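**Student:** Below you'll find the structure I mean.
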Amino acid sequence: MTNYSLIRSNRKTLALYIINGILEVRAPLKFPKQEIDKFVLSKEKWIKSKLTKSIENKNKSESFKLQYGDLITYRGKSYPIVAKRGNRAGFENGEFFIPPDLSSERIRSACEVVYILLAKHDITQKVLHYSKQMNVKPIAVKINSAKTRWGSCSTRKTLNFSWRLIVADDDLIDYVVVHELAHMIQMNHSKLFWDIVEKVLPDFKHREKRLKELQRKLTQEGW
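All you need for the numbering used here is the position in the sequence shown, starting with 1, plus 17.
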């Protein structure tokens, strides 16, 4: 049986997670260890498949390095990373400019800083546009570093978006923005919710599929 890390909490059910090539089992506080082992054993085929993919993605991520002159994506289009004297990093004239003589790791970090600034401006503008169209008024728009969620909507009507969304083209950014704004009207994923999304973006299913493809690409590149 595959080795695993066990985390107990107040949850009611068993759940399996593959994180950086390691199997994590989350279980209720008093759930019998013997029953947990049986559950893991019953999922052995699925676990091995997911572990293999997780390790492959981890290796690809570690081997993906950025250098000056490389192209990175902003709103679906590719732009070069260029060295510019000084301590500032930014985006202008179709280039990501960063200080010279940085290591690959620091180049990536500098580009992330620029991505966050771009996301704060561009995504907020899209929220303003679609909130008027959908007749909703979010309290705030925040940018975070989430890797597994493109966006979220709190019960207090605050919208949160991952800065990684700014890599996507406008059609995909629009979909995530509309998706989260729709949650201000309907918090669940009921038919009513999807009807709201479809009214604004009739082709939302196609956009959703492309978004999943982008997620896989970013995971492989370690973003």
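Glycine residues also receive a C-beta, built at the ideal position from the N, C-alpha and C atoms.
Only a predicted model underlies this, so the values are computations on that prediction, with no experimental measurement involved.
DSSP three-state call for T141: helix, strand or coil?
**Tutor:** If DSSP states are grouped into helix, strand and coil, T141 belongs with the helices.
**Student:** Determine the extent of the beta strand (DSSP E) in which V99 is found, giving its start and end residues.
**Tutor:** K94 to A100
**Student:** Can you look up F48 in the DSSP assignment and give me helix, strand or coil?
**Tutor:** coil
**Student:** Quick one: what's got a C-beta closer than 8 Å to Y91's C-beta in the same chain, skipping five residues either side?
**Tutor:** So the qualifying residues of the chain are F108, F113, Y132, L135, I183 and V184.
**Student:** Starting from the Cα of K267, find the closest Cα among Y192, W211, E197 and N110 and give me that residue.
**Tutor:** Residue 267 falls outside the range modelled here, since the chain spans only 18 to 240, and no answer is possible.
**Student:** Between the Cα of E61 and the Cα atoms of V42, I190, G93 and L46, which residue gives the shortest distance?
**Tutor:** V42
**Student:** With a Cβ-Cβ cutoff of 8 Å, do V217 and L176 count as a contact?
**Tutor:** no
**Student:** Residue ranges of each beta strand (DSSP E) run of no fewer than 3 residues wholly in the stretch 115-173, ordered along the chain?
**Tutor:** Correct list: 157-161 and 168-170.
**Student:** I think I98 touches Y85, with their Cβ atoms under 8 Å apart; what is that distance to the nearest whole Å?
**Tutor:** 6 Å
**Student:** Looking at the structure shown, is Y192 part of a helix, part of a strand, or coil, going by DSSP?
**Tutor:** helix
**Student:** Where do the ends of the alpha helix (DSSP H) carrying F178 lie?
**Tutor:** Unbroken run through F178 is the beta strand (DSSP E), T175 to S179; no alpha helix (DSSP H).
**Student:** Report the option in V214, T172, F210 and W167 whose CA atom is closest to the CA atom of R233.
**Tutor:** The option with the nearest alpha carbon to R233 is W167.
**Student:** Mapping DSSP to helix, strand and coil, what is S207?
**Tutor:** coil
**Student:** If we count the other Cβ atoms within 10 Å of its Cβ and call it buried at 16 or more, is W63 buried or exposed?
**Tutor:** exposed
**Student:** Comparing C-alpha positions only, which one of I213, I115 and L83 sits nearest to N152?
**Tutor:** Answer by Cα proximity: I213.
**Student:** With distances taken from CA atoms, which of A106, D118, T141 and H146 is nearest K128?
**Tutor:** Per the sequence shown, the amino acid found at residue 128 is Cys instead of Lys. Considering only alpha carbons, the answer is A106.
**Student:** Sort out for me which residues DSSP pairs V42 with in a bridge.
**Tutor:** DSSP lists L23 and L33 as partners of V42.
**Student:** Between the Cα of L31 and the Cα atoms of I202, M204, V158 and K50, which residue gives the shortest distance?
**Tutor:** K50
**Student:** With burial defined as no fewer than 16 other Cβ atoms inside 10 Å of the residue's Cβ, what is the status of P219: buried or exposed?
**Tutor:** exposed
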